[in-house]
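One structure is given below, encoded as structure tokens.
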Amino acid sequence: MNITATTKIAALIKENPAAIDAIASINRHFEKLRNPVLRKLLASRVTIADAARIGGCDVETFYQKLRPLGFVAGAMVTVNQTKENTMLPPETILTTMPTYLVQLPASAILTLDVREAIATGNDPFLKIMNAVEEIGEGNALLIINTFEPTPLISILKKKGYLFYTDVKNTDLVYTYFWLAGEQDAQDDEGRATKSNTFEEVLARFAGKVRRLDVRAMEMPQPMVTILGELEILPENEALYVLHKRVPQFLFPQLAERGFNIAINEAGPSEVFLLIYR
Amino acid sequence: MSTATASNSPSKWVVLPHYAFAALAFVALSILLLFSTDAFSGHYFHPKLLTLTHVAALGWATMLIFGAIYQLLPVVLECKLYSDKLATIAFGFLGVGAIVLAWCFWHFELGWLMHLAACSLVISFILFNINVIQTARLAPKWTIESDFIVTSAIWLLVTGIVGLIMVLNFTMAFLPVEHTHYLKLHAHIGMAGWFLLLIIGVGAKLIPMFLLAHAESTKKLNWSYNLINAGLVFFIFDHLFFHTSLVPVYAGLVVAGVVLFLLFIYDTSKTRQRHDVDLGMKQTFVALGLLLLPLVLVFIVSSRVALPQQLLSAVYLVYGISVFLGFISAIILGQTFKTLPFIIWMHAYEDYVGRFKTPLPKDLYNHTLQRLQNYSYLVGYALLITGVLLRNQQLILAGAIGFTITSLLYTANVFQLLLHKVQELKPFTYGSTSV
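Residue numbers (this note's numbering), protein chains in the order written: chain A, 1 to 277; chain B, 278 to 712.
Shown next as structure tokens:
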């Protein structure tokens, strides 16, 4: 199997379960892969590049450990190809707390401790997403966790949130999320759409809308077609979908891939969706 | 599974064991049928017939419906299933209860073991009810389909409790009237209250969806719900307390309700955008056609028509067969291949959709086996019915062989789906990730 920096850990494990031990032997950060609950939770959301960041090592270390198991590490061609599409470009690592957080009163920081949920095997993703909804002007969300929540950061970054990670010790990481301020007008605009109605979002994307009719498609073709279109949707455009029903199974995939959706239920079997970043 | 947990879908470990158990129970049912050809010549109160009925009703139909409902309820109600854990525990009690009860009936052991089986089943039904009702309470949206499903769950519990009382009565004999009197009650609450209401509720949602059709109005469904429940309640009170000769009228209410449902399906199917009908839907329409037989027979069974005793016994048997091995089995054989492939596909591929060329649900199982299964089912069913009416054991055996072939083909396909391994996927050329 060919691997690159963007290969998901889950794909490695699926290909060869021995990858668990190989990765866990890199350093103690990856011991959590041996825990089946954490593995289930993280492996499918984390790429090799993400994992290298969490574990504080480089991607090459992974390749060295994985080569003996028959994995072929990224040829130059694939590196070039994936470079611009890499989910996670190297973060600017801030060593001091941003001024926005410093000036916030303690009461304006919503705290969500997900350590117990993770320890007991409950995926806290939905809970976190609900808490994210609470973020507004003048407050911030603090996630307390045992590791840097790289997959979450990449999702929220796409939605226009800023973040700051404070590694208290190897088993305690504080991650703050807040909304981009005035200086980042574009992100602010992106966020403002959250409370907007379907028509307003539609108006904002006027002239930059791709239309897709999935009403005559059998399940799961609508989902396959929509997600396929979204992969090639330009950054500043929106996808206008004509659907027969509110697509329950699509929502988690949209959240995971950092898309927003506005819904207009025109009738019992006529639903218009507007999907945008 | 990174996002299945974030959607309303329950874990696959809740849903899929039901499908596996049901498929194996169907095989067991067919094999028992092979050894029961001698049981169809007399009265329906026969150990082997009781075994067959309960394996069909519990191990096969109810088991599969439980699994399907856990998957479907969150879709219909647009909220998460109340508890995955309760569902798993209910599965355990239903499985154990069905197996032990079948063993007890076959050997006609009416003692403590059967009490245990009946209690286990009632516990399972209580847990199922808690799960369904609590989920319904979370629902942001209420539809007539939800009414059908929740009400059917309550009728299932009533059926189970009546069954438990009858089991206790085997050893303690405290009921005032003879046993078969309550058996009629037990059977009809189960058939009309549980299976019929449930299948209508689920069918009214799924069939239009698979046809890419939509309902103009749910008025017919509302009346279907009212008529079937009214007929059932009248029947229960009359049967317990009054013993009038109005039973065919109550049967008429139920039949009218079913006809309204069939009209609803007919109306919606006129708006459909999909005109090629696949094997799963063909089998579903066959099942709806087979529903007409019990609808006619119920009038003979409920009215006291003077038929020769032998013929009447045979009609009773055909009536039962037409419900369990006819309508219910036929619709399961069809709908399994409309639901299970999608569930398997969802769990295996949802994260890869759009980024890789994934197979589709219909690519995950064998269509030739499915076609043969549909044929062997129809042939087996026709032979069995004819054999019972003509009291011909060779024909009954031929029918049983037809069912055995059907069950093996079905199970092979179901297990091919259950054991599906994610294939190596090729990324699209524009792909943003490259695994």
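All C-beta atoms, glycine included, are put in the ideal place defined by N, C-alpha and C. The model shown is predicted, which means the values in this text are computed figures rather than measured ones.
For residue i, I'd like the list of residues in its chain whose CB is within less than 8 Å of its CB, leaving aside the five on either flank, ordered along the chain.
i	result
A/A117	D123, P124, K127
A/K65	A22, I23, S25, I26
B/N499	I421
B/V535	L473, I477, S501, I505, L568, L572
B/P638	P618, F619, I621, W622
B/L415	L354, C356, K357, Y359
B/F370	S397, L398, I400, S401, L404
How big is the Cα-Cα spacing for residue i and residue j?
i	j	result
A/C57	A/N169	17 Å
B/V524	B/L517	12 Å
A/A216	B/L398	43 Å
A/N246	B/Y359	Here residue 246 of chain A turns out to be Val, not Asn, going by the sequence shown. Whole-angstrom Cα-Cα distance: 21 Å.
A/F147	A/L172	7 Å
A/K244	B/L568	29 Å
A/D50	B/L350	37 Å
B/H714	B/G467	Beyond the ends of chain B as shown, which are 278 and 712, falls residue 714 of chain B; an answer cannot be given.
B/L694	B/P294	12 Å
B/L363	B/A492	34 Å
B/K357	A/A255	17 Å
B/T663	A/G267	48 Å
A/T7	A/I48	6 Å
B/L696	B/Y296	12 Å
A/L33	B/W290	22 Å
Leaving out five residues before and five after residue i in sequence, what residues of the same chain have Cβ atoms less than 7 Å from its Cβ?
i	result
B/P324	F382, W383, F385
B/L462	V439, I513, H516
B/Y629	T635, L702
B/I308	T681
Return helix, strand or coil for residue i, following the three-state DSSP convention.
i	result
A/G136	coil
A/D187	For A/D187, the pLDDT reaches just 40, beneath the cut-off of 50, and the residue's location in the model is therefore unreliable, although a value from the coordinates is still provided. Here A/D187 sits in helix by DSSP.
B/R581	coil
A/Y161	strand
A/L179	strand
B/T561	helix
B/T330	helix
A/G267	strand
B/Y629	coil
A/R211	strand
B/K418	coil
A/K168	strand
A/I9	helix
A/T47	strand
A/H243	strand
B/N643	coil
B/P704	strand
A/D113	strand
B/V454	coil
A/V72	strand
A/I275	strand
B/V535	helix
A/Y63	helix
B/N499	helix
A/N2	strand
A/V37	helix
B/A492	coil
Could you pull out every residue in the same chain whose Cβ sits closer than 6 Å to the Cβ of residue i, ignoring the five residues on either side in sequence?
i	result
A/L156	F177
A/L162	W178, A180
B/A333	L306, F601
A/I109	A140, L142
B/A490	T545, S546, T548, R549
B/Y459	M443
A/N2	V72
B/S318	R668
A/P98	Y164
At least three beta-carbon pairs within less than 8 Å, the segment 427–435 of chain B to the segment 446–458 of chain B: no
The segment 675–688 of chain B in contact with the segment 646–657 of chain B per 3-pair CB rule at 8 Å: Because the criterion of three Cβ pairs below 8 Å is met, the segment 675–688 of chain B and the segment 646–657 of chain B touch.
Interface residues of the segment 483–497 of chain B facing chain A [CB-CB below 8 Å]: M486, F487, L489, H491, A492
Touch test, the segment 619–634 of chain B against the segment 581–600 of chain B, Cβ-Cβ under 8 Å, three pairs minimum: no
The segment 651–660 of chain B in contact with the segment 554–569 of chain B per 3-pair CB rule at 8 Å: yes
Interfacial residues, the segment 600–624 of chain B to chain A, with Cβ spacing under 8 Å: F619, W622, M623
Inter-stretch contact (C-beta, 8 Å, three-pair minimum) for the segment 262–269 of chain A and the segment 299–308 of chain B: By the criterion of at least three beta-carbon pairs nearer than 8 Å, the segment 262–269 of chain A is not in contact with the segment 299–308 of chain B.
Cβ-based contacts, 9 Å cut-off: residues of the segment 210–234 of chain A near chain B: R215, A216, M217, E218, M219, P220, Q221, M223, V224, T225, I226, L227, G228, E229, L230, E231, I232
The segment 30–46 of chain A contacting the segment 96–108 of chain A, beta-carbon criterion three pairs below 8 Å: no
Proximal residues, the segment 528–562 of chain B versus chain A, C-beta separation under 8 Å: Cβ contacts with chain A: Q550, R551.
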